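Participant:
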Ligand SMILES: Cc1cc2nc3c(=O)[nH]c(=O)nc-3n(C[C@H](O)[C@H](O)[C@H](O)COP(=O)(O)OP(=O)(O)OC[C@H]3O[C@@H](n4cnc5c(N)ncnc54)[C@H](O)[C@@H]3O)c2cc1C
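In the working numbering, the protein residues as written are 30 to 523.
1. Identify the continuous alpha helix (DSSP H) that holds residue 148 and give its terminal residues.
2. In the DSSP assignment, find the alpha helix (DSSP H) that holds residue 238 and state where it starts and stops.
3. Between residue 105 and the rest of its own chain, which residues show a CB-CB distance below 6 Å, the 5 nearest in sequence each way excluded?
4. If I follow the unbroken beta strand (DSSP E) through residue 364, where does it start and stop?
5. Do residue 85 and residue 389 have their C-beta atoms closer together than 7 Å?
6. Which whole-angstrom value is the C-beta distance of residue 218 and residue 357, which I expect to be below 8 Å?
7. When every heavy atom of ligand 1 is checked, does at least one fall within less than 6 Å of the C-beta of residue 37?
8. For residue 499 and residue 477, which I take to be in contact (beta-carbon distance under 8 Å), what is that distance rounded to the nearest angstrom?
9. Using three-state DSSP, classify residue 402 as helix, strand or coil.
10. Buried or exposed for residue 69, going by 16 or more other Cβ atoms inside 10 Å?
11. Suppose only complete runs of 4+ residues qualify. What are the alpha helix (DSSP H) ranges in the segment 194 to 268, listed by chain order?
12. What's the C-alpha gap between residue 133 and residue 151?
13. Taking all protein chains shown into account, do 16 or more other C-beta atoms lie within 10 angstroms of the C-beta of residue 475, making it buried, or fewer, making it exposed?
14. For the alpha helix (DSSP H) that contains residue 331, what are its first and last residues?
15. Check whether the segment 364 to 374 and the segment 428 to 442 touch, using three or more Cβ-Cβ pairs below 8 Å as the test.
16. Report the three-state DSSP secondary structure of residue 123 (helix, strand or coil).
17. Measure the alpha-carbon distance for residue 168 versus residue 510 and round it to whole angstroms.
18. For residue 450, collect the residues of the same chain with a Cβ closer than 6 Å to its Cβ; drop the 5 residues on either side in sequence, then sort them by chain order.
19. Tell me which residues share the same chain as residue 93 and place their Cβ nearer than 7 Å to its Cβ, disregarding the 5 neighbours each side in the sequence.
20. If we count Cβ pairs, one from each stretch, closer than 8 Å, do we get three or more for the segment 57 to 67 versus the segment 481 to 493?
21. Would you please verify whether the beta carbon of residue 352 is less than 7 Å from any beta carbon of chain C?
22. Grab me the residues of residue 361's own chain with a C-beta within less than 6 Å of its C-beta, minus the 5 sequence neighbours each way, in chain order.
23. Using 8 Å as the threshold, is the segment 335 to 352 in touch with the segment 431 to 447, meaning 3 or more CB pairs across them?
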């Protein structure tokens, strides 16, 4: 008889795991505390507008192709490659910088600021490309069974990359570029990992290689949620069952073996194997009261930024803007080093603006635009009171109006603001951390919470806070790694 798997959560990690396992004959049931599937990869619909709730793009698109192949299905959505990838606005600068994959076009953007830009960028991409290809299969796409196993794998990474483990992204960029703007722009990837370029190891400059050369940035025809709809339809066709508004709050064992979980209403959910898509560190602490994951110890881990998100429907078209737009200032180092610890005011924030209606007209009624603003803010450890969320949001809207010369306030038809408090509640994100655990060297590879439980061997984890890390492609890789673990545990592969 096929083994039954209960998956707790329906984020991208969970859906991808369900597809891989269902292909191999496992019988799957999924529960989620949220009212619809997708986790953070979700859709907000209101007042005739739509917004991607959180992820608005992804890189390493080929990981989705790998998933389709492994799951034995056709891709139920189509990629839209972004060109330019994004636009960057600095305060007080009339010019906006457009980031292209084409290095000649990119050089034209920076020729006045950075003499010899193309040559410098080629050298930078050559180095970061080597880091990527030298670590991808050895470190990123691998399960580790012990510290020795991990260290042995690390020893296969060429020594020339070792300095990149101990220096930071900002200093690495300084070796290649002299202009402030160029260094700031190409260190923004540090924020995608949820940290700052001053805290992120230099090896992660490999992300610039994935964005500019190896792959690019993508959106999806019809919007990001088409990914979730496509995967869920396929799973339903395979007989997978879904239950929403079900929050797992307890568990039970028999002779020290994990037998099942219990939801908020006291219902029991029994299975042979369990996959948890909730935060892999926080879940161990909250559910099992594990010594290593007490609140005090969790608080001492390095968590990624919390989001303050604003979803606006406005009357009028904002034709001068792109799919992705960053609005930055000139106190970059001071802001980046202080914002996460709430030691700098949020009255002059940095933020990201996404206009989904650029690629997907049905996200806004005719003559209107939908706008999504993401402002990285301190998590609930450093700022627990968000009564001022609306006020901060209004300040951002005023700032944006001035910078794009369009009175947004008087054009607003729909407005929703989500603070870290709501983000924590919606998806059980630890203290509102948007991307989960950060990627310091002591929080990656073997040191990241494992995808197989330490106490219950029939319990597995998938998603942003287990291996390999956060972001949509990483979470898809995470589903591959956990599937391998389960198949090994069941003796299907050796
Ligand atoms: C504002 C924001 C913007 C982002 N932008 C991007 C982007 O542009 N590109 C990109 O690649 N990544 C982006 N990310 C990161 C990306 O969203 C995540 O890395 C990814 O979606 C995580 O997927 P997951 O499967 O790990 O978990 P999740 O999406 O968090 O899913 C976990 C699910 O588990 C459920 N759950 C938790 N606890 C329980 C419980 N006890 N019982 C039942 N259900 C439970 C939750 O409700 C949730 O649905 C962004 C994240 C945020 C917050």
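In this text, a Cβ means the ideal position worked out from N, Cα and C, and glycines have one as well.
Keep in mind it's a predicted model, so treat the numbers as computed, not measured.
Facilitator: Working from what's here:
1. From DSSP, the alpha helix (DSSP H) with residue 148 extends over 146 to 164.
2. 235 to 238
3. 259
4. From DSSP, residue 364 is part of no beta strand (DSSP E) but of the alpha helix (DSSP H) over 361 to 368.
5. No. Outside cutoff.
6. Actually they are not in contact, since the Cβ atoms of residue 218 and residue 357 sit about 14 Å apart, beyond 8 Å.
7. yes
8. Between residue 477 and residue 499 the Cβ distance is about 10 Å, and since that is not below 8 Å, they are no contact.
9. Reduced to three states, the DSSP call for residue 402 is strand.
10. buried
11. As far as the segment 194 to 268 is concerned, its whole alpha helix (DSSP H) runs of at least 4 residues are 198 to 205, 209 to 216, 218 to 221, 235 to 238 and 254 to 266.
12. 11 Å
13. Classification of residue 475: buried, given that the 10 Å Cβ count is 16 or more.
14. Taken as a continuous stretch (DSSP letters only), residue 331 belongs to no alpha helix (DSSP H), as it is neither H nor E.
15. no
16. Coil.
17. 12 Å
18. 415
19. 104 and 505
20. Contact between the segment 57 to 67 and the segment 481 to 493 is absent, because fewer than three Cβ pairs lie under 8 Å.
21. The structure shown contains no chain C, having only a single protein chain.
22. So the list reads 213, once near-sequence residues are dropped.
23. yes
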